[in-house]
Amino acid sequence: MADLLELSAEIRAGDAAAAAAARAAGVAGAGRLGELAEWWAAGTGHWPPRPARVRLVHTAPLDPGVQDLAAELGVGTRHLGAGIGADEAVDAAVAAADAEIDAGTGLLLLAAGDPAPAAVVVALLTGAEPVALLPRGAAVTDSASWIADAGRLRDRLRAVRPLRHQPSALLAELGAPGLAAACGFLLRAAARRTPLLLDGPGAVAAALVAADLRPRATQWWRVADTGPDAVQPRAMHHVGERPVLDLGAGNGGGLAALLAFSVLRAVPALDRQEAADV
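Numbering (the working numbering), first residue to last: 57 to 334.
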């Protein structure tokens, strides 16, 4: 397996000069879009933004509707085959990130679900009580199943707690190649200075692992949307993240990433508006 600590050690800060140029070009009332413009400029090293190849990388097959939307937006897709174990998953993901970036991809959308292992990672790294990461209220339709889920989460958390500071061993013990692939992909993309939009609990849990290894890694991604459970909000709060959207669609199926990208496509309009105001 590619060493996660070594991958994280290669992560550097974004382009401060490009971010400053975007900040200077911000228009009154741009709000959150202005913040995203600054982030995108820092990640790509350019202001105004240049046309970039965009790819949606996913750890589970996409629904036909999501595939159609990606095609409409001009976003290519890539299924991140996870292999049969964490070692193979991470190595394949690192190779996939290199292949995408070498081909000219300038923005990556990473969609990963894996809610059960993601909950274990978030509980472990944030100190959250397992029951706080499970559905509540109207979302709970079967009390017996909820109690069983809580028991399984506690058991898995207890088993991996000794691996708190051993990320590679943690991913192997979880037996979740999709989550391992998301970790490897995200770390390699950040190390190669390529910004990402994250969709789903698996993607956000992978980001939490990366931030735990290298806090500055958070500069390289934004979370596309809130999710239907408590896993993503807890992880985002822990690292001070704010999602691009608040639709509750971030389940890792790719839709939230594409919707957030649609918002990001409006960023170049800030530069044109600034020029028109001069």
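The beta-carbon is built from N, C-alpha and C at its ideal position, and this holds for glycine as well. Just so it is clear, the structure is predicted and the values come from calculations on it, not from any experiment.
Check, Outcome
"Counting along the chain, where does the beta strand (DSSP E) carrying Asp255 start and finish?", "252-255"
"Could you check the C-alpha separation between Ala80 and Thr133 for me, to the nearest Å?", "34 Å"
"Give the single residue among Val260, Glu62, Ala215 whose Cα lies nearest to the Cα of Ala312.", "Val260"
"Can you find the residues in the same chain that come closer than 8 Å, C-beta to C-beta, to Gly130, ignoring five residues on each side of it along the sequence?", "Val110"
"Are the CB atoms of Ala262 and Leu252 within a distance shorter than 8 Å?", "no"
"Since Arg111 is in the beta strand (DSSP E), which residue starts that stretch and which ends it?", "109-114"
"In the DSSP assignment, find the alpha helix (DSSP H) that holds Ala246 and state where it starts and stops.", "233-247"
"Looking at Val146 and Gly240, is the spacing between their C-beta atoms short of 8 Å?", "yes"
"Is the Cβ-Cβ distance between Thr115 and Ala238 less than 8 Å?", "yes"
"In chain order, which beta strand (DSSP E) runs of at least 3 residues are fully inside the region 137-168?", "161-167"
"Of all the options Arg272, Gly256, Arg249, which has the alpha carbon lying nearest to the alpha carbon of Trp96?", "Arg249"
"From the DSSP output, in three-state form, read off Ala84 for me.", "Bear in mind that a pLDDT of 47 at Ala84, under 50, signals an unreliable position, so the number given afterwards is only what the model happens to contain. Here Ala84 sits in coil by DSSP."
"Which same chain residues end up closer than 8 Å to Ala77 when comparing Cβ atoms and leaving out the 5 residues on each side of it in sequence?", "Ala97, Trp103"
"Measuring CA to CA, which of Ser64, Ala188, Val295 is closest to Leu264?", "Val295"
"Please check the pair Asp281 and Pro299, which I expect to be a contact at CB under 8 Å, by giving their CB distance rounded to whole angstroms.", "5 Å"
"Taking the continuous beta strand (DSSP E) assigned at Thr19, which residues delimit it?", "The question about residue 19 has no answer here: the residues shown for the chain are numbered 57 through 334."
"Whose C-alpha, out of Arg106, Arg270, Ala151, is nearest the C-alpha of Leu320?", "Arg106"
"Hey, Leu341 and Ala179: beta-carbon distance below 8 Å or not?", "Residue 341 lies beyond the residue range present for the chain, which begins at 57 and ends at 334; the question has no answer from this structure."
"Can you look up Gly121 in the DSSP assignment and give me helix, strand or coil?", "helix"
"Using the Cα positions of Gly101 and Leu60, report the straight-line distance between them to the nearest angstrom.", "25 Å"
"When you compare the CB positions of Leu314 and Ala126, do they come within less than 8 Å of one another, or not?", "yes"
"Rank Arg68, Leu63, Gly90, Asp154 by C-alpha distance to the C-alpha of Ala325 and give the top, closest one.", "Gly90"
"May I ask you to report which of helix, strand or coil DSSP gives Trp95?", "helix"
"For Val265, name the three-state secondary structure that DSSP assigns.", "helix"
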